[in-house]
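Here's the structure, in structure tokens; my notes come after.
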Amino acid sequence: MVFKHLNYLDQVCLAYACKQLAVVFEHVKPHKLSGTKANRLELLLRFRGWMGPGYKLCCGCLMFVKKAANGQWGGDVKLLDAQAPGKKPSIKKILDSGPRCVDCARRDRINALKARADVQSMKRKFRLAFGR
Ligand SMILES: [Zn+2]
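So the number in my numbering is just where the residue sits in the sequence shown, counting from 1, plus 5.
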């Protein structure tokens, strides 16, 4: 059986090819994919070509999000298009700086502002405590 010669991600992709293969996959799957963000992103990257033109992969929420006209996506969109073997970015790099939907981009900006405010607050407290 061809399933046994494939890694788990390839097995999942093959199972999505048709209902019969999905049934076979349910019977032969030897282990479960660990639920890390990297594994999920790797799987979604394989399905990217199957999605309709109205959907884009968001590396923040790890979902295909419908393109919306109300806002600008964040992150580096070109990261997903680099397909050359030597220039293909790592999954970690795509997770960290890949494209973000409008909501994720907004959340990233808010978190960055909060982190900056925390640093300024800590500096202020340090100055008060140590007089520097
Ligand atoms: Zn998102």
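Glycine included, C-beta positions come from ideal geometry on N, C-alpha and C. Keep in mind it's a predicted model, so treat the numbers as computed, not measured.
If you measure between the beta carbons of residue i and residue j, is that distance less than 8 Å?
| i | j | result |
| --- | --- | --- |
| residue 71 | residue 104 | no |
| residue 80 | residue 64 | yes |
| residue 8 | residue 29 | yes |
| residue 43 | residue 115 | no |
| residue 73 | residue 107 | yes |
Using only CA atoms, which one of the options lies nearest to residue i?
| i | options | result |
| --- | --- | --- |
| residue 109 | 17, 18, 78 | 78 |
| residue 67 | 33, 102, 58 | 102 |
| residue 32 | 6, 111, 92, 130 | 6 |
| residue 45 | 98, 57, 19, 14 | 14 |
| residue 100 | 47, 22, 118 | 47 |
| residue 49 | 18, 59, 24, 34 | 18 |
Under 7 Å from any heavy atom of ligand 1, does the C-beta of residue i make it?
| i | result |
| --- | --- |
| residue 108 | yes |
| residue 105 | yes |
| residue 79 | no |
| residue 54 | no |
| residue 82 | no |
| residue 65 | yes |
| residue 70 | yes |
According to DSSP, which residues form a beta bridge with residue i?
| i | result |
| --- | --- |
| residue 112 | Beta-bridge pairing links residue 112 to no other residue. |
| residue 79 | 105 |
| residue 68 | 63 |
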